[in-house]
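Number of protein chains: 2
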Amino acid sequence: MVRRYLSTISLAEALDLIGRSYACVPGTATVPLEEAAGRTTAAPIFARFSVPGTHVSAMDGIAVRSEETVGASEQHPVTLSDAVRVNTGNVIPPGYDAVVMIEDVWMGDGTFTIRRPVSPWQHVRPVGEDIGESEMILPSRHRIRPHDIGALASYGVADVAVLSVRVGLIPTGSELVPPGERPPPGKVVESNTLMAAALLREAGADCRRYPITPDEYELVRDAVRLGVAENDVLLVSAGSSAGTRDFTADVIRDLGEVLAHGVAIKPGKPVIIGRIDGKPVIGLPGYPLAAATVLREIVLPLLSRYGLVLPDFGSAAARLTTTLHSEIGTDEFVLLSVGRIGDAWVAVPQSRGAGVQMSAVRANAYMRIPAASEGVEAGEIVTVRLRVPLDTAEEALLVTGSHDPALDRLADLVRRRGVDLHSIHTGSMGGLLALKRRDCHAAPMHLLAPDGTYNVPYLQRYLPGEDIVLLCIAERQQGIISREGITFGELPDHTFINRQKGSGTRMLLDHWLRKHGIAPSSIAGYDREVTTHLAVALAVKTGEADAGMGVYSAAQALGLSFVPVATERYELAMHRALLGDPRVSALVETVSSDAFRRILRSLGGYETDGTGGLRELRG
Amino acid sequence: MVRRYLSTISLAEALDLIGRSYACVPGTATVPLEEAAGRTTAAPIFARFSVPGTHVSAMDGIAVRSEETVGASEQHPVTLSDAVRVNTGNVIPPGYDAVVMIEDVWMGDGTFTIRRPVSPWQHVRPVGEDIGESEMILPSRHRIRPHDIGALASYGVADVAVLSVRVGLIPTGSELVPPGERPPPGKVVESNTLMAAALLREAGADCRRYPITPDEYELVRDAVRLGVAENDVLLVSAGSSAGTRDFTADVIRDLGEVLAHGVAIKPGKPVIIGRIDGKPVIGLPGYPLAAATVLREIVLPLLSRYGLVLPDFGSAAARLTTTLHSEIGTDEFVLLSVGRIGDAWVAVPQSRGAGVQMSAVRANAYMRIPAASEGVEAGEIVTVRLRVPLDTAEEALLVTGSHDPALDRLADLVRRRGVDLHSIHTGSMGGLLALKRRDCHAAPMHLLAPDGTYNVPYLQRYLPGEDIVLLCIAERQQGIISREGITFGELPDHTFINRQKGSGTRMLLDHWLRKHGIAPSSIAGYDREVTTHLAVALAVKTGEADAGMGVYSAAQALGLSFVPVATERYELAMHRALLGDPRVSALVETVSSDAFRRILRSLGGYETDGTGGLRELRG
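So the protein sequences, as listed, match chains A and B. With the numbering used here applied, the first sequence corresponds to residues 15 to 633, in that order. With the numbering used here applied, the second sequence corresponds to residues 15 to 633, in that order.
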């Protein structure tokens, strides 16, 4: 029997349901001031005493009675015998009402001479100047900042009542192993509650992770019962789909009510909104990106009803590089890499697969395609929500095209110089076209032309008249990756794993097949495409294929054999105008650095002598 | 002898000096993943294994050999006998290369019938789809986010190497008492290292606070020697001025070198930049706002050289409400309350006194007046740096005018509704003028006109023709605050403490003096002005004055006597157009709420029956 969701409601309905279904009364905890940063005040906080507590001197000088200084001048200095020496912060003695700066005093034997009159209360910090006893320092529902902590301490507050929302997190699933263990085939590391706890702690929640509960009805029920008793909000990770071993909805129904099962968002549809003993119990989907979307779009709005808020990083208007289709009736959230190219923000969609957790690592922004929309066209200006501070987003360098492990290592090196290199893997031709549309800062490519040269003929043909420079990252070896040292000529006898059309490696393979007179149809697996060098090596390593074409470093990383075929120029093409951009300058300098050459040598398969050079090209 | 600073350098020179004087090599610490959020990676992190580790099903369904499905159609269904039932995430058995969704399968007795062919690798998540073994997950110098933690766990990483910069914080000063103690007169709570530790921890530093060291040369020297040995960076709080007991510079010179003493910034000038054993030793000024400025402008840039970064909240362009004069040659930093009025950001300067720590609590932004500038005129557009997330700044409601303790309580209540009420104390007339200039959202006022009515005649005169509404916060009693029940008629026999010109209370006093035929000159202290009700009450409580005029709640807060004089309308004036603003709606609703009326009753001295009403006024 295939079970279906009980119902699917819209995101707006889900948020409305959350608003209506729970009391959302936060608890209160008292924390010492040292631990209060980022917490939210539960009640207004008042000054225990005035600061200053008495009139004090604002300067190093002498305390005087101002009426005794009347008439003092250069011609008629006034000598005071009962002035009192005070330092900054000292109490003004009773009867005194002003301070003269020490620089303006001529000191004699127990006397002080001044040459200017002073007005009453000059250089005196009156009692309560900073704050008066009983005054409100902070309202309730205020997120405590470091500066607030300093002020609270000064005004006599040593511990503060903060909101306490206890969130329990129960991972369920017989396929899960705890973080730190290597999962056997078909099992995965339980990472969702770890991610959720880190996220919700940033919003100020008190998170508690429970042990993994296997998919056994009674065990899940017992865990949920305990989790509800010990927390204000309970999140049950996974088991929220409609599979045969997805018990979460049944358990919630058993112990309380399922208010909704299924919300029309993508990723994240199989979410459960439940209530047990009046408390929210939310069933999270299992795919990490689906869980993350539900946390952001449903759980954080729920926590905001308790007064907790996750500070966000604001939004920007960006030009979308790729058309995104979306289902009418579903709010879809798409992760993005955004970067500023010239004056405009450009947004490149990440993989939309809910299983590709790396998308969340790579993305620095996201966007929503509303339920009423069928999608967004490439070139449209969209509102993107940032996932990093704006100044970090400003550091993003969009590098679209051919991928190579050396590019990741370059990203690592330039990070030390404040550049956030986002590499988007489209293959060389994809990069060429992205560069033409100004959808990226730079395009890494290795496109072999019929004349035996690299890249320039393609740039001249596809970007005629444009002022382009080419930065050589490395001359690198491409070859046959296999378990047992298969050579190019032996390919027809083995199962192959290919790269996607438009990739430079595919074009190189086809060039060599023509040169050797080998028909593609004679190679089993020629039609099976993957998109990176490492994916080729993985297919070989797992036995799915016997051989594929790729770079040496990919073979070396997985301990595979490599038989060289050709050496090619792996270059980064970009518009010359960008050379003035400090991010690009940092990149150019890093490519020719000793540190990068050392890394290339350690990866193997790269010629480093020719690297770092800039070739100029006027189309 | 008056000691002077050794030298005063510009902020730019100080930053350059910092860049040249230290190696700034961060240490590395290994932390478990659970504690890694907000830390910065010390090295690139690579995947320990591929995810998925084998080809797995992306759907609940059956694993098939795709070539066996060729030709399947509605007319010619294909029945497979060796298909294998798989759930999402299950391993695809060897020899199988595609998955058919369970919804598209007709199940018989051990057989599966399908009516459509499937292409190879359909609904299969290939090995390494998410990430391949050995691929880089994160570069170095990456600030770890919750999503990164989830991904790291999934890819086999259980602990991470993060930057570790140990920052020692030594509070010095015989005038200091630890947080939680009530300081006797002339002493203050040591709050600067608490604030600094909270701030630098947000940037990812490992902070250690040392006990308070009294101003004794040998004790300070021993503390600094230990602090340098145990940390990468040492901050010595206070003792950095040129007073007789300011030893910090001498101690640094004794143990190492003073590179600079005095930087031309305000607040924060008496900073020391030193070096001991090659490590940075920074002497912070004692005034909290000066210390905070040095932390932000000098210490954080220093820590950024170790790879630590404090995420900032970006900037905005805002219209300055008040002219700010500034000394040429000094970079001055001014704390601001900024709010959006209509489409424009408006910036109101906070008190510039370095001793007013509450300014840092009240401010949600700051600006820099560059060294080359003499100041900024009111009305100029300036760049403000936000100190809160943009969405929090959007919540700010600027309320400028007359202050009343009830206004703080109103701020507390509306905070629960997402409004951040910034009250700026200028007195009623100041509020009226701010409203006229559209420098605030609303102006609280209680201006008695000669005809005995409140506020309306002033609005008609100063804002003629403008569409204004008045929201009555309360009818409140003003009276004589004293220790021993002094009445209005007895004022000439006692010392008085007055409110500033332009305040409604001052105008009320003058009205009553005229009415009773009392000459201001007959009242001792008539010229001594303070700016809040509580400041009046404090002056009375400390014995500086015998009596003053103010509201009942101020007298009650300090346990003083109160003899009523008059009842007045304390109203909030605003432009009618703002009634549509959700922040203003929340305010209007809150004023008429039971919760607010209960608070007014508990404060005492307010009539609550007339509150919450809106009066409309067309000039």
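Note that the Cβ used here is the ideal one computed from N, Cα and C, for glycine as well. From a predicted model like this one, the values you see are computed outputs, not experimental measurements.
Does DSSP put residue i in a helix, in a strand, or in coil?
{"i": "TRP135 (chain B)", "result": "coil"}
{"i": "ARG452 (chain A)", "result": "coil"}
{"i": "LEU477 (chain A)", "result": "coil"}
{"i": "GLU147 (chain B)", "result": "coil"}
{"i": "PHE347 (chain B)", "result": "strand"}
{"i": "MET563 (chain A)", "result": "strand"}
{"i": "GLU271 (chain B)", "result": "strand"}
{"i": "GLU81 (chain A)", "result": "helix"}
{"i": "PRO108 (chain B)", "result": "coil"}
{"i": "ASP264 (chain B)", "result": "helix"}
{"i": "THR519 (chain B)", "result": "helix"}
{"i": "GLN570 (chain A)", "result": "helix"}
{"i": "ARG34 (chain A)", "result": "helix"}
{"i": "THR604 (chain B)", "result": "helix"}
{"i": "THR440 (chain B)", "result": "coil"}
{"i": "GLU388 (chain B)", "result": "coil"}
{"i": "THR406 (chain A)", "result": "helix"}
{"i": "LEU25 (chain B)", "result": "helix"}
Whole angstroms are fine: how far does the CA of residue j sit from the CA of residue i?
{"i": "SER575 (chain B)", "j": "GLN89 (chain A)", "result": "49 Å"}
{"i": "LEU601 (chain B)", "j": "VAL428 (chain B)", "result": "6 Å"}
{"i": "GLU543 (chain A)", "j": "THR336 (chain A)", "result": "21 Å"}
{"i": "GLN474 (chain A)", "j": "GLY33 (chain B)", "result": "44 Å"}
{"i": "GLY288 (chain B)", "j": "ASP264 (chain B)", "result": "11 Å"}
{"i": "ALA551 (chain B)", "j": "PRO193 (chain B)", "result": "26 Å"}
{"i": "ARG235 (chain A)", "j": "LEU269 (chain A)", "result": "8 Å"}
{"i": "LEU349 (chain A)", "j": "LEU421 (chain A)", "result": "22 Å"}
{"i": "THR227 (chain B)", "j": "LEU249 (chain B)", "result": "13 Å"}
{"i": "ALA50 (chain A)", "j": "ALA56 (chain A)", "result": "12 Å"}
{"i": "ALA591 (chain B)", "j": "SER599 (chain B)", "result": "11 Å"}
{"i": "ARG17 (chain B)", "j": "LEU435 (chain B)", "result": "The predicted model places ARG17 (chain B) with a pLDDT of 45, which falls under 50 and marks its position as unreliable; any figure quoted below should be read in that light. ARG17 (chain B) and LEU435 (chain B): Cα-Cα distance of roughly 45 Å."}
{"i": "ALA457 (chain A)", "j": "ASP144 (chain B)", "result": "23 Å"}
Here's the rule I'm using: 16 or more other beta-carbon atoms within 10 Å means buried, otherwise exposed. How should residue i be labelled?
{"i": "VAL84 (chain B)", "result": "exposed"}
{"i": "TYR380 (chain A)", "result": "buried"}
{"i": "ASP507 (chain A)", "result": "exposed"}
{"i": "TYR320 (chain A)", "result": "buried"}
{"i": "TRP120 (chain A)", "result": "exposed"}
{"i": "GLU147 (chain B)", "result": "buried"}
{"i": "SER168 (chain B)", "result": "buried"}
{"i": "GLY639 (chain B)", "result": "For residue 639 (chain B) there is no data in the structure shown, the boundaries of chain B being 15 and 633."}
Just to make sure I have the definition right: I need the residues of chain E whose C-beta is within less than 9 Å of the C-beta of residue i. Which are they?
{"i": "MET150 (chain B)", "result": "Structure shown: chain E not included; protein chains present are A and B."}
Rounded to whole angstroms, how far is the Cβ of residue i from the Cβ of residue j, which I believe are closer than 8 Å?
{"i": "SER567 (chain B)", "j": "LEU617 (chain B)", "result": "4 Å"}
{"i": "LEU166 (chain A)", "j": "VAL176 (chain A)", "result": "Going by Cβ atoms, the distance from LEU166 (chain A) to VAL176 (chain A) rounds to 12 Å, so no, they are not a contact pair."}
{"i": "VAL202 (chain A)", "j": "LEU213 (chain A)", "result": "Incorrect: roughly 19 Å between the Cβ atoms, too far for contact."}
{"i": "LEU317 (chain A)", "j": "VAL179 (chain A)", "result": "6 Å"}
{"i": "ALA561 (chain B)", "j": "SER496 (chain B)", "result": "4 Å"}
{"i": "GLN491 (chain B)", "j": "THR581 (chain B)", "result": "6 Å"}
Near-chain B residues of the segment 495–509 of chain A - C-beta to any C-beta below 8 Å
none
Closer than 7 Å, Cβ to Cβ, to anything on chain B: give me those residues from the segment 427–451 of chain A, in chain order.
ARG429 and ARG430
Relative to chain B, which residues along the segment 83–114 of chain A have a C-beta separation below 8 Å, given in chain order?
Here the close residues are ASN101, THR102, GLY103, ASN104 and VAL105.
Check each residue of the segment 154–187 of chain A: if its Cβ is closer than 7 Å to any Cβ of chain B, include it; give the result in chain order.
SER154, ARG155, HIS156, PRO160, HIS161, ASP162, ILE163, GLY164, ALA165, ALA167, SER168, GLY170 and ALA172
Just by C-beta distance, which residues in the segment 544–568 of chain B are closer than 8 Å to chain A?
Listed by position along the chain: VAL544, THR546, LEU548, ALA549, ALA551, LEU552, ALA553, THR556 and GLU558.
Can you give me, in chain order, the residues of the segment 388–404 of chain A that have a beta carbon less than 8 Å from any beta carbon in chain B?
Interface annotation for the segment 388–404 of chain A against chain B: ARG401, VAL402, PRO403 and LEU404, criterion Cβ-Cβ distance under 8 Å.
Mind checking the segment 283–316 of chain A against chain B and listing, in chain order, the residues whose C-beta falls within less than 7 Å of any C-beta there?
PRO302 and ALA306
Along the segment 62–73 of chain B, where does the CB come closer than 9 Å to a CB of chain A? Name the residues.
ARG62, PHE63, SER64, VAL65, PRO66, GLY67, THR68, HIS69, VAL70 and ALA72
Anything in the segment 210–232 of chain A with a Cβ closer than 9 Å to a Cβ of chain B? List those residues in chain order, please.
ALA210, ALA211, ALA212, LEU213, LEU214, ARG215, GLU216 and ARG223
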